[in-house]
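Shown next, in structure tokens, is the structure this report addresses.
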Amino acid sequence: MKKLITLLVMLTVVFGMTACNSKQKASKPKKPYNLTGEWKQVNGDEDGWQQATVTDDTIEIYWMSDDTKALYWSGTYEKPTKYTKVYKWTSTANKEKHESALMASQDDTKEFSYDGKYITYKASALGVEKKMKLEKVKK
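Taking mature numbering (1 follows the signal peptide of the UniProt record, and there is no 0), I'd label the letters of the sequence shown as residues -19 to -1, 1 to 120.
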């Protein structure tokens, strides 16, 4: 009887250790997001929306309609260096470009975030503020 109990204990320990090892498989680290490319507002309408271009170090956003394109934001972009579920950055305005653009934001900085699918930020015009939501349309 003692031998049977000892055997059962040993088997339990062996299977327990094997189970622990199988759960500890190394997962590949996630890469930082790549936001460079063309983006389009998904919560706009067909009469007017915003469209953005993100490069390695800048973000430019335009008010768009069928026959009009007007600068809303031109500023810095800081690409992520490591993976985070939600990436946030503060963009500093390119004042030189904003000075000559009638529809450009008057803000010195703007807060942006990316959740893995959408770039979001707040935009205001004529005293109305809206949370903008842009989705990547082209790399």
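The beta carbon of each residue, even a glycine, is placed where N, CA and C say it ideally should be.
- The residue among D89, K21, K12 and A106 with its C-alpha nearest the C-alpha of E77 is D89.
- For K117, the three-state secondary structure derived from DSSP is strand.
- Note on the region 10 to 91: whole beta strand (DSSP E) runs with a minimum of 3 residues are 18 to 22, 30 to 35, 39 to 46, 49 to 57 and 68 to 73, in chain order.
- Pairing A104 with Q31 gives a Cβ-Cβ distance under 9 Å.
- In this structure, DSSP gives S8 a state outside helix and strand, which the three-state scheme calls coil.
- Residue pairing by DSSP places K112 opposite K103 in a beta bridge.
- Taking K117 as reference, the option from I42, P10 and G29 with the minimal CA-CA separation is I42.
- Scanning its chain for C-beta atoms nearer than 6 Å, with the 5 sequence neighbours on each side dropped, one finds around H79 the residues A85, in chain order.
- Looking from the CA of G108, the closest CA among N24, Y95, Q87 and F93 belongs to Q87.
- Between T39 and N75, the gap from beta carbon to beta carbon is short of 9 Å.
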